[in-house]
Every structure is written in structure tokens, then in C-alpha cells.
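These notes concern the structure reproduced below.
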Amino acid sequence: MALSDAPVPRGWDLLTKERPRPDVIRRRSWAWRLAVATVCFGAFMGQLDASIVTLTYQALGRGFHASPAAVEWVSLAYLLTLVALLVPVGRFSDMHGRKLMYLYGFGVFTVASAACGLAPGLAVLVVFRVVQALGAALMQANSVALVTTSAPAGRMRTALGMQAAGQAVGLALGPTVGGAIVATLGWRWVFLVNVPVGVVSLIAGHYLLPRTRRRCADTRVDRLAVALLALSSTGLLLALSVVSGLGLPRWSAAVLAALSVVAGWVLMRRQARVPQPLLDPKLLRSHGRGLLAGMSGYLVLFGPLVLVPVVLSRQGVVLVTAGLVLTALPLGFALAATTADRLLPATLPDRARARAGAALCLVALGLLLVVPLTVTVLPFVLALLGCGLGVFTPANNTMVMRAFPAESAGTGGGMVNMGRGLGTALGVAAVTLILQLVPGISGERAAVAALLAWALLMVPFRERS
């Protein structure tokens, strides 16, 4: 029986099979836009949650009588779990259905958010954040795949731009919305606010997302490869957190970094020998630079989110004003991601678009090295940096996703989002470390110079075929 002719699942089948969209939606030429909008809702929710949670640290420390190092695990446990699971979850979704796993992700994320909001202690909250990260991994590993498989071939870049814009808007609203929630309703509502949003998203996804048309035929999962990937990524992120101030001995950073390298080396040796690798070495060799460039783009995005508040605080600028200045960066990102396809020539290839976006980022970071970092100047430079990232990211992600066959879109999406998570962690850790090692204005300039050096990795070159 053809997939499009399959009967509508009923009863408990709804938990194990993907429901087709109603014909009144599926047959419309704009049905793909509804699917992308649904995914954008999840992208918005994820980034909003990520940017809000950091504002709860002081309230959590007071409420649970915990140290800053202990409170940091509320974010660290989430990030470690998310990055470790993205690729294996994407692989699993390629086999069992990306829509089904995406909806499961929203369900787990919503229930775990409610549990986080009701947590009686810090340790329990950290445990529920791990469960929340599992739901986020199911969503994020499939978000890019659902976008690329929903959109017509010629509209993939537009669709990925819409998704990137949803992430940027969530990131932009996080500090403002989060500050208001913590100040008025308390930190628990930072998590509880996800519940109604999650319920609406579950209903929308059930009716608007398309079923998986092509699945990976292999049903085996290399569990050792999953463990090695988790060990490698966890070791790297923990090492970065140690050098950035996590309450562990400094020597442990070297041990964790070495463990990460060894686990990564063993993983890649294993992937070259197994018939169905979790990470295809051929794809990594030919398109690894695109994944590295994408990771660098998010490093350049999140680095200033740490740096700018420090710069303005030294000048005596209040936190609310600093938040408004910082909003220029993600808003510029969202604006460029949604309008670049209409403003740039339709014949301009993705590589040229990515190169243009990277060039704008280099110009903006170069300006940050020479102009005074004041309230009147920063918004314009940050908006320019955001515009460069908004042009670069959809074009780069399009190039990466086109390298993956449709039946492996979940794996590809998981790798793209894993790069995003690593870039986020690197951006935060690198800027924090530099500011600790080099105090004052010199440290601020050194942090900008480091971001400029990382931005050079965004410039695309011709990939090997």
C-alpha cells in the first residue's frame, strides 16, 4: 500500500503511527508553510526557554540556598544531555518517523517543564532538566529535517531562514520576557509558561506536519557509537565549563579534554569499519567544513550575548538598557533570515550567500575592535552582525542538508543542531574565560578579537566531492 493511501491511525495507533494531514490542508500549495510555521513555533519556544533560564540563577540560589556552581548545573545538565543525544535521536527518527518523534519530543518537553516548575529542590530540578533535554533533543533533531522535507526543493533556503528567524526572535525576547516573569511571577513560571505553549504546539503538529515519506531502512543502532559520541561531547563541554569557572579542580579540564579527544578518535575509527555508521565518515570528510562553519556562526552569535552586558555594566548602564541594546543582534538575525531570499538575486548560489553573510560578520566584528562600545554605537554594529548571521545561517544549513539523502534527514538535522549546541557552549565559555584571564578593556577587546578569528572559519570554500 502506498504511504499516501494508508488508513488514518485510530486509538492507540496514534501513539505509534504518524497521522496524515487532513486533505483540506495537504492539497494546498501553501501547506508547506504551515508545517514550517509549526516547526518555527518549536524553535521559538526552545530558544526562549534557553535564554530565560539563565535569568533564574540568582532566584534559584536564594530559594534553594545553593552556590553559583551548583545552580549552573540547571543549564549544564540540559546542555550536556541535549548535545549528546541529538545525532543518535536523529538517526532513530529516520527509522521510526520524524513527525512521530517530534511530537513525542514536544510531549516530553511540556510534561518535564511542568515538573521543573513544581520541583521541590535543586537536585530534583536538575533531574527534570535532563528529561526536558530529552524532549528538546527529539524536537531539535527533527526540526531541520521536517523543514527541509516539507518545503519544495526550490524553497528550502527560505524555509530554513524562517526557522532560523523563529530561533532568533525567541532569543531576542528571552531576556525581556524572562526578566519580567522572574520579577513578577517568580522563577517557577519560567518553566510553567512552556506548558500551554507546548499543548498548542502538539495540536498544531498533529494536524499540520507531514508524515515521513522516506525512512532509513536499517533498524540497528550502534550503541557503542552513541556512548562514544556522548562521552566525547560531554567531556568537551565539561572541560570548557571547568575553565570558565565550574567548581571543579582546574587540572580536571585537561583530563576531560583528553577523554573527549580519545573518545572522538575511537568513535571515528569505529565509524570507518561498521556498515551503517552513526556518523558517515564520507559525509564528514566532504561536508565537515559546512558543519564547522555552522558551529562557528553560533559561537559568533552567542559570544556577544555574554560580552555586551559586561561591557555596558562597566560603564554603569542598567541591566534593562543593556538587554535592549543586546536585542539588536537577534532582531538583525531574524530580519535578514526572513528577507534575504527576496532582497538577494534568486540566481545567487548558496555558497555565495554564505560568503556574503560571513563577510558582513567580519566587518561588524572588525568595527567592534575600533569603535567605542557605547549604548549609542553598539546597537548598529550588533544589528549588522545579526544581519550577517541571518544571511549566512540559512544558506550554510541548506548546503549541509542537501548533502544528506531524504531518508537520513533526521541524522543530518541532528548534526546541524549538535554543531549549534557546541557553538553556543564555545561562545559562552570562550568569552567568559578571556574576560577572567584579561581584566578590563583589554579583555573586552581580546574577546572581540577571538570572535573575529572564529568568524574566519565561517567563510565557505569549495568542498571536496
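Residue 183 in my numbering sits at position 84 of the sequence shown, with consecutive numbering throughout.
Even for Gly, the Cβ is constructed at its ideal location relative to N, Cα and C.
Predicted model only: the values in this text are computed from it and were never measured.
C-alpha distance - P493 paired with R256, whole-angstrom precision: 6 Å
Measure the beta-carbon distance from G456 to G431 and round it to whole angstroms, keeping in mind my assumption that it falls under 8 Å. Not really, about 11 Å apart at Cβ, beyond 8 Å.
Neighbourhood of W131 by C-beta distance below 6 Å, restricted to the same chain and skipping five residues each side: S249, A250
Restricting to Cα atoms, I'd like to know which of T311, P348, L308, A356 is closest to L330. A356
Measuring only the C-alpha atoms, how far is V558 from G539? 31 Å
Secondary structure at W129, three-state DSSP: helix, strand or coil? coil
Terminal residues of the continuous alpha helix (DSSP H) containing K198? 197–216
Among A552, V515, L525, A303, nearest to V243 - alpha-carbon criterion: V515
S103 to G196, Cα distance in whole Å? Confidence in S103 is poor, its pLDDT being 42 and thus under 50, which makes the residue's placement unreliable; the coordinate value appears in the next sentence. Rounded to the nearest angstrom, the two C-alpha atoms are 14 Å apart.
Across the stretch 203–220 and the stretch 296–306, are there enough close Cβ pairs to call them in contact, namely three or more that are closer than 8 Å? yes
Any non-hydrogen atom of the ligand MG closer than 7 Å to V410 Cβ: The ligand MG is not part of this structure, which contains no ligands at all.
Whole-angstrom Cβ separation of A546 and I533, contact assumed at under 8 Å? 5 Å
Taking the alpha carbon of A548 as the point to measure from, which residue in A482, L468, L483 has its own alpha carbon closest? L468
To the nearest whole angstrom, what separates the beta carbons of L185 and A240, a pair I think is in contact under 8 Å? 5 Å
Could you please give the first and the last residue of the uninterrupted alpha helix (DSSP H) stretch that includes Q239? 221–249
Sequence-distant residues of its chain with Cβ nearer than 8 Å to L464 (five each side left out): V399, L484, V547, L550, L551, A554
With 16 other Cβ atoms within 10 Å as the buried cut-off, status of Q370: buried
Buried versus exposed, by CB contacts within 10 Å (16 or more), V292: buried
Unbroken alpha helix (DSSP H) runs of length 4 or more, entirely within the stretch 502–558: which are they? 508–536, 539–554
Determine whether the beta carbon atoms of S340 and G522 lie at a separation below 8 Å. no
Excluding the 5 residues preceding and the 5 following V229 in the sequence, name in chain order all residues of the same chain whose CB lies nearer than 8 Å to its CB. A176, Y177, T180
Boundaries (first-last residue) of the alpha helix (DSSP H) holding T438: 427–442
Which of helix, strand or coil does DSSP assign to V165? Rather than Val, the amino acid found at residue 165 in this sequence is Ala. A165: coil per DSSP, three-state reduction.
Y306 burial status per 10 Å Cβ neighbour count (16 or more: buried): exposed
What is the DSSP secondary structure of V276, reduced to helix, strand or coil? helix
Are there 16 or more other CB atoms within 10 angstroms of the CB of A105, so buried, or fewer, so exposed? Unreliable placement is indicated for A105, whose pLDDT of 45 sits below 50; no coordinate value is reported for it.
Using the Cα positions of L447 and N495, report the straight-line distance between them to the nearest angstrom. 13 Å
Proximity to A502 [Cα-Cα], best of G145, K381, G273: K381
To the nearest angstrom, report how far apart G234 and L147 are at their CA atoms. 15 Å
If we define contact as Cβ-Cβ less than 8 Å, is T209 a contact residue for chain B? In summary, chain B is missing from the structure at hand, where a single protein chain is found.
With distances taken Cα to Cα, identify the nearest neighbour of L202 among R452, G489, M238. M238
If you measure between the beta carbons of A421 and L411, is that distance less than 8 Å? yes
Limits of the unbroken alpha helix (DSSP H) element including D449: 449–469
If we call anything under 8 Å between Cβ atoms a contact, is M498 one with G389? yes
Note down the Cα distance separating G220 from E171, rounded to an integer number of angstroms. 14 Å
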